[in-house]
Each structure stands twice: as C-alpha cells, then as structure tokens.
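Chemist: Have a look at this one before I ask anything.
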Amino acid sequence: MKLVVDRKRTLLIFLIADLSFALLLFLSGINLFLSKEWGASQIAIIVLYVIISAVMLLLALTRNYYIVENKFLLVVKGHKETYHHYADVVFIDKERSLRKRTLRFYTNKGKVHNLFFDKEGKIYEVFVKRCHNIVDKEQFKKQYPKIKI
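Mapping the sequence shown onto the numbering used here, position 1 (from 1) lands on 1014, and the numbers just tick up by one.
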C-alpha cells in the first residue's frame, strides 16, 4: 500500500526553504538587483531560480511517499530509500505523534525517527498494528536511560 505524505505540510516546508533561499540570493547580489538599469543577467538569474524552484517543488510533491509492506515500511524521499523494519521498533511516542501529526518512534538501537503523517494518518495505525515489540514508557526508560523522550 502506498501512502503519500501530506502535501500541505510538504508545501509549507518547501515554501519556507524556498523563500529563505530567495532572500539569501537577493542579499548575496544586492547591488546587482538594486541597480536602476536591469540587464539580461538579472532577468536570467530570476528565471533560472524560478525554474529550479518549480522543478524542486514538483519533485518534493511527487517523490515523497511511504510503501507499507508486511515486515517493513519503505520511506522514499527523492532518490533516497530507507527501510524501517517493524520488528526493530520498541517504542512509539503516542502523545507527541498525535499532537504534532508526526510519527515519532525509537528503534532497538536507540535511534529516534520522525515520519510525517499522510493525509488520513494511516501511517500511525500501521505502526501500532504491525509493531509487536513495543514496550511502555517506563520500560523503555529502563532499557535506554540515556535517551530523552
């Protein structure tokens, strides 16, 4: 089953990053953009920036999804694929996950992972249903005392 990450959240994060880069581009060439006579170089920089931003937005919206399998979850972000095996998950932070709409889980190696919810929040239900090695909060703190929840 393929679950697409919430597009509104992806778009919001992209817009924040894109506007930050636009501001950085403007500030790095402030003399170029504030001159009274605009030439081909200023227009070319803006057109190139808009084209690159449009392509990156298209890739962010189309290449950001989850594939649910029986034994693992495949996370696809761009060209990077990450596998999260359900047997490795030992704790799911339910309160934070539901409040922030970001699945936060810990593996048996002590690593924390955050995954954005899909539009319906099915990713959380999949993990709760398929992860059988989950312990409660107190048990997790005893096993991993250095990890702060």
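Yeah, the Cβ is synthetic: ideal placement off N, Cα and C, and Gly gets one too.
Reducing DSSP to helix, strand and coil, say where K1128 ends up.
Modeler: Residue 1128 is actually Leu in this sequence, not Lys. Correct three-state label for L1128: strand.
Chemist: Between which two residues does the alpha helix (DSSP H) carrying L1025 extend?
Modeler: Unbroken alpha helix (DSSP H) run through L1025: 1020-1041.
Chemist: Per DSSP, what are the beta-bridge partners of L1070 in this structure?
Modeler: None, per the DSSP bridge assignment.
Chemist: Which parts of the segment 1067-1113 are runs of the beta strand (DSSP E), unbroken and 3 residues or longer, counting only runs that do not cross its ends?
Modeler: Complete beta strand (DSSP E) runs here, min 3: 1077-1081, 1085-1090, 1093-1098, 1102-1105.
Chemist: Please name the residue, chosen from F1130, V1081, S1033, that lies closest to V1021 on a Cα-to-Cα basis.
Modeler: It is Lys, not Val, that sits at residue 1021 in the sequence shown. K1021 has its Cα closest to that of F1130, out of F1130, V1081, S1033.
Chemist: Just to confirm, are A1073 and F1027 a CB contact at a threshold of 9 Å?
Modeler: Yes, they are a contact pair.
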